[in-house]
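Using our numbering, the first residue of the sequence shown is number 2, and each one after it goes up by one. Virtual Cβ for every residue (Gly too), placed ideally from N, Cα, C. Keep in mind the model is a prediction, meaning the values are calculated, not measured. Worksheet for the structure shown next.
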Amino acid sequence: MRSILLILVGFSLLACKQKKAEPENATQAEEEMVQVEPQWQVLFDGTSFDGWSYYRGGEISEPWKLEDGTMVFYPPENRPNGESYNIVTDNTYENFVLSVEWKISENGNSGIFWGVHEDEKFGQPYESGPEIQVLDDEGHPDAKNGTTHQAGALYDMISPSEKVVKPAGEWNTCVLTVNHITNEGNVVLNGTEICKFPVHGELWDEMVADSKFADWEGFGKFQSGKIGLQDHGDIVAYRNIKIKEL
């Protein structure tokens, strides 16, 4: 009888130890999950152009201005030697979620690039970086050139599935995901997913081949590249720009 009691006590103590150990293990696992969860990094905080520069070099100044927590592009009247004023991040990114708020002027056009590669042979960011269209769909003539040219589109390749863009002069929120690990990209505009696409491989190559970029040497070739904002000759504003690396 005494042996049986000792065995029962032993099992009871072992069970208690296991119960105490489980919460500790669970807590440790939760802490590890928190540690690996990607965190947002602010790319533009509304107070400076730190972390940005002109495409192919140069500190940002006019015609880009800081106004009320936004960066605003005012197209210059004169452009020496046809100068463009596209801007790019100082850092490069490969797998990420990018969140940007944008507001386009009436009849305006601009764009958000990723995978931008700075090289003397590429005069513009769009020669290497795919573009998410920023546009006044109601006023700019490019919107009449097909739905792949309208706001939120993967320019000249994937059309928005729904028309959720706000009118010119109002803020839109664009969330772009590019993930080469899973080969998935998507655009969420104003809370609605409107585009899904591969970001490399055979299906990506087919999309490029069916677009205006088919014969462009560097277009979409760089998985790691800079984020860019376009000077398309129209007033445009951006704010609350942040990125989460995956």
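**Asked** Is it buried or exposed for K227, if we count other Cβ within 10 angstroms and need 16 for buried?
**Response** buried
**Request:** Tell me where the alpha helix (DSSP H) around G202 begins and ends.
**Result:** 202–210
**Item:** Option in V165, I244, Y94, W205 with minimal Cα separation from G221
**Value:** W205
**Prompt:** Taking DSSP as the reference, what is the three-state secondary structure of N241?
**Reply:** strand
**Message:** Can you tell me which residues form a DSSP beta bridge with W53?
**Reply:** T90
**Request:** Check whether the Cβ atoms of Q40 and I244 lie closer than 8 Å to each other.
**Result:** no
**Request:** Report the rounded CA-to-CA distance for G229 versus E78, giving the unit in angstroms.
**Result:** 23 Å
**Asked** Buried or exposed: which applies to P131, given that a residue is buried once 16 or more other Cβ atoms fall within 10 Å of its Cβ?
**Response** buried
**Request:** Classify T178 as buried or exposed, calling it buried when 16 or more other Cβ atoms lie within 10 Å of its own Cβ.
**Result:** buried
**Which of helix, strand or coil DSSP assigns to K66** = strand
**Request:** Reducing DSSP to helix, strand and coil, say where N82 ends up.
**Result:** helix
**Prompt:** Grouping DSSP H, G and I as helix and E and B as strand, with all else coil, what is K222?
**Reply:** coil
**Message:** Whole angstroms are fine: how far does the CA of A210 sit from the CA of W103?
**Reply:** 29 Å
**Buried versus exposed, by CB contacts within 10 Å (16 or more), S129** = buried
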